[in-house]
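Take a look at the structure below.
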Amino acid sequence: MGKKVDPAKAKRQGIIPTFIKENIAQAFENEPSPLHLPYIDEMRDQIRREQLILPAWHKEQTPSPITGKGNPKTHDAENGYNAPGKLIWNETGLVEKANKDKVVKQAHDWTGFGQEVGKEGKSFKQFLLEFYGLNSFDGNGADMVTTVHFDERWNNAAWNEHQILLGDGDQQMFKTFMLMDVIGHEWGHAVTQYGPNLTYANQSGALNEHLSDVRGILFLMYMMGWDASTCHWLIGKGIWTEHVNGKSLRDMMHPGTAYDDLRLGGKDPQPATFTNYEPSSYDNGGVHIWSGPVNRVFALFANDIGGLTWKKEVGLGQIWHNASTRLGSESGFVDFYNATIAACKSLNPKLVTNLDKAWKQCDIEYMIKNKK
Ligand SMILES: [Zn+2]
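The sequence shown: position 22 = 735 (the numbering used here), numbered continuously.
Set out below in structure tokens:
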């Protein structure tokens, strides 16, 4: 705990933070057995390669074409290391006629084609259009490119600044990344990149993570038709195999309770309030750590208001999105607190008291008093 991380040294990460893989490698090292050596090597190798793929490798790729239509294009890397890989589905349907891969189809449907193939239905693309008036993540109709089966046994899902990459998971600790909230989280990073472009370190990085968790959970609620009380507020429910003692990767309502497993380094490290905030000494200053209290603010506020959180009539997603457009790339928690209050005043002033209460339940006053 203590010093801010230099943003120039911050590393992009996928939905599985680097520290979780480091903890796993360390935990297996602590259980001396030659059987564990390949897994330890694999985990460390994944960390090394992620640091190549996510911040630099994409520069060799060209950005998605701006067609004005936000066409979904879903590819198969066939467990290789090249993206985007072989195009399987596009906006008109199946390109590789004989392809029967359900994983590719699932990613395609959730991103942009709709649940029923051949009919425009619910998808992240539809979600962006219906609730935020965006015709794609960039608001300019850039095509929405996804690659599945990326790499072998890859334990991650990521937005690489041009497209989404989805791994299959190793089936030892990680079961799947093909989850609606995970897809929504990664596309959420894309939306943030073309919005406030929050620097991925310290408080701005935690806000970047938080906005992705909010978009992930709202997308899941919209797809499932859940209201605030039906929603479990979990990110990554289904991500772990049965060998892991955990319900999910994060818990927005109860940060710090998602898992408790020695092989993951113990308990979920997310705090539930801002009390005693200091930048973390790992995880880019705590981008996946300090998103916890902000997540809880949103979940408490949504629960207090009730109803279908994502709907325009309820308007919480709209308040959050509007607030995000008021941020700069270096904004912190107090800036976001002020931005959400301002957005709420302009969109639905009746909710300001409830919103302020949620922030105070998570001790935003600690940040204000201590000028953090
Ligand atoms: Zn993320």
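C-beta atoms are modelled at their ideal positions from N, C-alpha and C, and glycine is treated no differently.
It should be emphasised that the depicted structure is a prediction, and the values quoted were computed from it without experimental measurement.
query	result
With a CB to CB cut of under 6 Å and the five nearest residues on each side skipped, what residues in its chain are close to Lys1085?	Tyr990
How would you call Gln884, buried or exposed, if buried means at least 16 neighbouring beta carbons within 10 angstroms?	exposed
Relative to the alpha-carbon of Lys818, which residue among Glu865, Leu879, Glu763 and Leu847 has its alpha-carbon at the smallest distance?	Leu879
How big is the Cα-Cα spacing for Phe840 and Pro745?	49 Å
Suppose contacts are defined by Cβ-Cβ distances below 8 Å. Is Pro968 in contact with Asn1008 by that definition?	yes
Report buried or exposed for Glu829, applying the criterion of at least 16 other Cβ atoms within 10 angstroms of its Cβ.	Any reading at Glu829 needs caution, since the residue's pLDDT is 49, under 50, leaving its predicted position unreliable; the model's value is listed next. Burial call: exposed.
Taking the beta strand (DSSP E) that Ile801 falls in, what are its first and last residues?	Lys799 to Asn803
Is Ile760 near ligand 1, going by C-beta to nearest heavy atom under 7 Å?	no
What is the DSSP secondary structure of Ala855, counted as helix, strand or coil?	strand
Counting only the same chain and skipping the five closest in sequence on each side, list residues whose C-beta sits under 6 Å from that of Glu922.	Val1000, His1001 and Ser1004
Cβ of Gly727 within 8 Å of Cβ of Ala870?	yes
Tell me the start and end of each unbroken alpha helix (DSSP H) in the segment 845 to 926 that is at least 4 residues and wholly inside, in chain order.	893 to 906
Any residue with its C-beta under 6 Å from a non-hydrogen atom of ligand 1 counts. Can you list them all in chain order?	Ile728, His898, His902, Glu922 and Ser925
How long is the line joining the alpha carbons of Asp974 and Glu955, rounded to whole angstroms?	12 Å
Might you give, ordered along the chain, the residues of its own chain that have their beta carbon closer than 6 Å to the beta carbon of Ser993, omitting 5 neighbours on each side?	Gly999 and Ile1002
Starting from Thr787, trace the beta strand (DSSP E) both ways and give me its first and last residue.	Pro785 to Asp789
How about Trp917 and Ser1044: are their beta carbons less than 8 Å apart?	As written in the sequence, residue 917 is Ser, which differs from the Trp given in the question. The answer is yes: Cβ separation under 8 Å.
Using alpha carbons as the reference points, say which of Val904, Met891, Ala1055 and Gly959 lies closest to Phe863.	Met891
With 16 other CB atoms within 10 Å as the buried threshold, where does Ile779 fall?	exposed
Relative to the C-alpha of Gly806, which residue among Asp822, Asp881, Asp1076 and Pro797 is closest?	Asp822
Check each candidate in Gln759, Ala738 and Lys716 and name the one with the smallest Cα separation from His749.	Ala738
Give the straight-line distance between the Cα atoms of Val1065 and Tyr794, rounded to the nearest whole angstrom.	48 Å
Please report the straight-line C-alpha distance between Asn792 and Leu800, rounded to a whole angstrom.	14 Å
Which same chain residues, not among the five before or five after Pro797, have their C-beta less than 7 Å away from its C-beta?	His788, Val858, Thr860 and Gln876
Where does Ile728 sit, in a helix, a strand or coil, going by DSSP?	coil
With distances taken from CA atoms, which of Ile733, Asn873 and Met965 is nearest Thr775?	Asn873
Quick check on DSSP: helix, strand or coil for Tyr995?	coil
In chain order, what residues of the same chain lie with their CB nearer than 6 Å to the CB of Phe1046, ignoring the 5 residues before and after it?	Gln916 and Met1080
Go through the segment 992 to 1064 residue by residue and report every complete run of the alpha helix (DSSP H) that reaches 4 residues or more, in order.	996 to 999, 1004 to 1018, 1029 to 1037 and 1046 to 1060
Rounded C-beta distance between Asn1083 and Ile1018? I'm assuming under 8 Å.	About 29 Å separates the two Cβ atoms, so there is no contact after all.
If you draw a straight line from the C-alpha of Lys950 to the C-alpha of Leu962, how long is it?	7 Å
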